[in-house]
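In terms of UniProt numbering, the sequence shown is residues 1 to 416.
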Amino acid sequence: MQKFSGFELFRRALGGHKSWQPQWRNPEPKAEYDVVIVGAGGHGLACAYYLAKEHGITNVAVIERGWLGGGNTGRNTTIVRSNYLFDESAALYEHAVKLWEGLSQDLNYNVMYSARGVLMLAHNHHDEISFKRHVHANRLNGVDNEWLNAEQVKEFCPPLNIKSMRYPIIGGALQRRGGTARHDAVAWGFARAADSRGVDIIQNCEVKGIRRGPDGAVEGVETSRGFIRAKKVGVSAAGHTSVVMAMAGLRMPLESYPLQALVSEPVKPAFPTVVMSNTIHAYISQSDKGEMVIGAGTDAYTSYSQRGALHIAAHTLDAICELVPQFRRLRMLRNWGGIVDVTPDRSPIIAKTPVPGLYVNCGWGTGGFKATPGSGHVFAHTIARDAPHAINAPFTLERFRDGFLIDEAAAAAVAH
1 MQKFSGFELF RRALGGHKSW QPQWRNPEPK AEYDVVIVGA GGHGLACAYY LAKEHGITNV
61 AVIERGWLGG GNTGRNTTIV RSNYLFDESA ALYEHAVKLW EGLSQDLNYN VMYSARGVLM
121 LAHNHHDEIS FKRHVHANRL NGVDNEWLNA EQVKEFCPPL NIKSMRYPII GGALQRRGGT
181 ARHDAVAWGF ARAADSRGVD IIQNCEVKGI RRGPDGAVEG VETSRGFIRA KKVGVSAAGH
241 TSVVMAMAGL RMPLESYPLQ ALVSEPVKPA FPTVVMSNTI HAYISQSDKG EMVIGAGTDA
301 YTSYSQRGAL HIAAHTLDAI CELVPQFRRL RMLRNWGGIV DVTPDRSPII AKTPVPGLYV
361 NCGWGTGGFK ATPGSGHVFA HTIARDAPHA INAPFTLERF RDGFLIDEAA AAAVAH
């Protein structure tokens, strides 16, 4: 793999930048692999990378029905944080944040991780006691989080309107290590690093079926480019996970919803942090290009549409205009949707399945991007060892049967 550095950039500039190699290969699928990962988003690519790096398993294919990073990885609002309430969730997301902090160096690729802070606003007494509970729980788990009063909130994020609105801001919970990263760069960085270790990334290769042998174990996947034999198959297909898993005869405890986001025209730096509000429902940050990145809520109906309803985006913009009145004059540049897969307890599933050789990473709802490196790391461990990592051991399918739920329904600060 060619290395990126300031010196390398200068050296290749002398040759007109004509000697750069493609960042990853475009191989034809082989007849057989040790592991096939379904879904070339951030989670699938991260899993392939850690399989190769941490476990020495390089005969791996990541298959994607469209283009690399074209699903939820390229459609989210890029927020990174770990201030979840329950011990199990805090451990998983904190593991991810620690990997985020050194990810650019690990991948030799700038993922543009920016620890600008994530501020979750409180507008009423219920919000206040809920967030203070989060702060105390996070501190017990070694996760940074602190309570700010209204004046401190205004000092940390001056553009906010804290008083003259329907639900005045009375305080907020701030995780200073939270922030954002560049979603495309994350997918490209993992793809490049995995490819350099021998992983095949096969785009435009749709899964049509999962073949099982007489003993019930996985034998491989039927695809639009032929049958690919594999000893193990890991599914990281986000909103389409239930469709893929049904091909193996498994019914998943998932519902899929459209989730919308939109961005404004670019402006000079005006918003210093990530702000989230559950009460009036809005979350916003400013990208490195200057656009205001705004997240809306999930639609009220299940769907595999990547569009969503207009009134959801309009409601979100109403909230943004109350939070930051100076943004009322901004024009919206574009909007889009993704498909989020939601479990009954709003926590993910990263686990073995009842089908031998079949593994699943799903149910992230609106919180998948922030977990990308941590999720890929523990999923790779689960596939390689045929046993869960200690961090993802609680996130099994069986918890819905046995009642060991991890109820993070309020943790996303969005309605879903």
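Using N, Cα and C, we set each Cβ at its ideal position, and we do this for glycine too.
Bear in mind the structure is a predicted one, so any value in this text is a computation, not a measurement.
By the Cβ neighbour-count rule, Pro354 is exposed, with fewer than 16 other Cβ atoms within 10 Å of its own. By the criterion of at least three beta-carbon pairs nearer than 8 Å, the region 38-49 is in contact with the region 59-78. Assigned with DSSP and collapsed to three states, Tyr304 falls in coil, not helix or strand.
Using a Cβ-Cβ distance cut-off of 8 Å, the region 228-242 and the region 250-257 are in contact, since at least three pairs of beta carbons, one from each stretch, lie closer than that value.
Here the alpha carbon of Met332 sits roughly 14 Å from the alpha carbon of Gln326.
Separation of the CB atoms of Leu262 and Ile294 is rounded to 5 Å, and the pair is thereby assigned contact status at 8 Å. Residue environment: Leu9 is assigned as exposed (fewer than 16 neighbouring CB atoms within 10 Å of its CB, all protein chains considered).
At least 8 Å separates the beta-carbon of Arg225 from that of Thr58. Among the bridge pairs identified by DSSP, Phe227 is matched with Glu222. For Cys362, the enclosing beta strand (DSSP E) starts and ends at 358-362.
Taking the Cβ atoms as the reference, Ala380 lies roughly 5 Å from Leu51, within the contact range of under 8 Å.
Here DSSP, grouped into helix, strand and coil, assigns Asp200 to strand.
Inclusion of His134 and Asn145 in the CB contact set at 8 Å is warranted, their separation being smaller than that value. Taken in chain order, the unbroken stretches of alpha helix (DSSP H) that lie wholly in the region 93-134 and span 4 residues or more are 103-107.
Between the region 87-105 and the region 364-378 there are three or more inter-stretch CB-CB distances shorter than 8 Å, so the stretches are counted as touching.
The residue from Asp184, Asn108, Asn83 with its alpha-carbon nearest to that of Asn72 is Asp184. The beta-bridge partner set that DSSP reports for Glu146 consists of Leu174. The C-alpha of Gly42 is placed about 26 Å away from the C-alpha of Gly249. In the three-state DSSP reduction, Ala261 falls in the strand class (E or B). Check the Cα spacing between Leu68 and each of Arg192, Asp341, Lys268: the tightest is with Arg192. The closest CA to that of Leu103, considering only His377, Ile406, Pro344, Gln260, is found on His377. When the alpha-carbon of Leu405 is set against those of Thr343, Ala314, His126, Asp195, the nearest one is in Thr343. Selection Gly234, Phe86, Pro29, His125 evaluated against Thr279 yields His125 as nearest (Cα-Cα). Rounded to whole angstroms, the gap between the alpha carbons of Gly216 and Pro356 is 7 Å. Looking at the backbone, the Cα of Glu94 and that of Arg81 are separated by about 8 Å. By the Cβ neighbour-count rule, Lys163 is exposed, with fewer than 16 other Cβ atoms within 10 Å of its own.
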